[in-house]
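Residue numbers (my numbering): 1 to 121.
Structure first, commentary second.
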Amino acid sequence: RTTFYTHVTKWQNINDIDEPIQNICLIEGLYLEGAGWDIENNCLIEQTNKQLIQMMPLIKIIPIETYRINMNNYLATPVYITSDRRNAMGIGFVFEASLYTKKNLSHWILSGVCLLLNTDS
Numbered sequence: 001r002t003t004f005y006t007h008v009t010k011w012q013n014i015n016d017i018d019e020p021i022q023n024i025c026l027i028e029g030l031y032l033e034g035a036g037w038d039i040e041n042n043c044l045i046e047q048t049n050k051q052l053i054q055m056m057p058l059i060k061i062i063p064i065e066t067y068r069i070n071m072n073n074y075l076a077t078p079v080y081i082t083s084d085r086r087n088a089m090g091i092g093f094v095f096e097a098s099l100y101t102k103k104n105l106s107h108w109i110l111s112g113v114c115l116l117l118n119t120d121s
């Protein structure tokens, strides 16, 4: 059985890519809400300076066999279209991205951490 695994890269935009990118899928333009992202340690951190939304680095989507995935310390982070999380018809959830954390997963769940395709501003 195959699934998709997400990996947050250190690349802020497409111009930062310093390796061949054949046969990979990258997502650009996701925003993190409810937490910050530490690029050096590649993990979730507390928000800084009351910054509610942070632009994420490029995220790589990797197809992988399910038995090869070790999801310990990875938050299954919902990706929504907007910060409303759903529209009047109940539509808004897109997929789940895996974000690494050094804290307990429940901390981030209670903080309402999610990724957004669009900001309200």
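Each residue gets a CB set at the ideal place from its N, CA and C atoms; glycine is no exception.
Would you mind giving the Cβ-Cβ distance between residue i and residue j, rounded to the nearest angstrom? I have them listed as a contact below 8 angstroms.
i: G113; j: E33; result: According to the sequence provided, residue 113 is Val. The question's Gly does not apply to it. Their Cβ separation, rounded to whole angstroms, is 7 angstroms, which keeps V113 and E33 in contact under 8 angstroms.
i: L115; j: L30; result: 5 angstroms
i: T101; j: C43; result: 6 angstroms
I'd like the list of long-range same chain contacts for residue i, defined as Cβ closer than 7 angstroms, with 5 residues on each side in sequence excluded.
i: M71; result: S98
i: Y5; result: I62, I64, I69, S98
Who are the Cβ neighbours of residue i in its own chain at under 6 angstroms, not counting the five residues just before and after it?
i: I17; result: W11
i: I53; result: Y31, E33, T119
i: D38; result: I45
i: T9; result: P57, L58, K60
Residues in the same chain with beta-carbon distance under 8 angstroms from residue i, minus the five sequence neighbours each way, listed in chain order, please.
i: K103; result: L44
i: I109; result: L75
For residue i versus residue j, is the C-beta spacing smaller than 9 angstroms?
i: I160; j: K50; result: Absent from the model: residue 160. The displayed extent of the chain is 1 to 121, so no value can be given.
i: Y67; j: L117; result: no
i: S106; j: A35; result: no
What residues are listed by DSSP as bridge partners for residue i?
i: A76; result: S98
i: K60; result: H7, L26
i: W37; result: L44
i: M55; result: Y31
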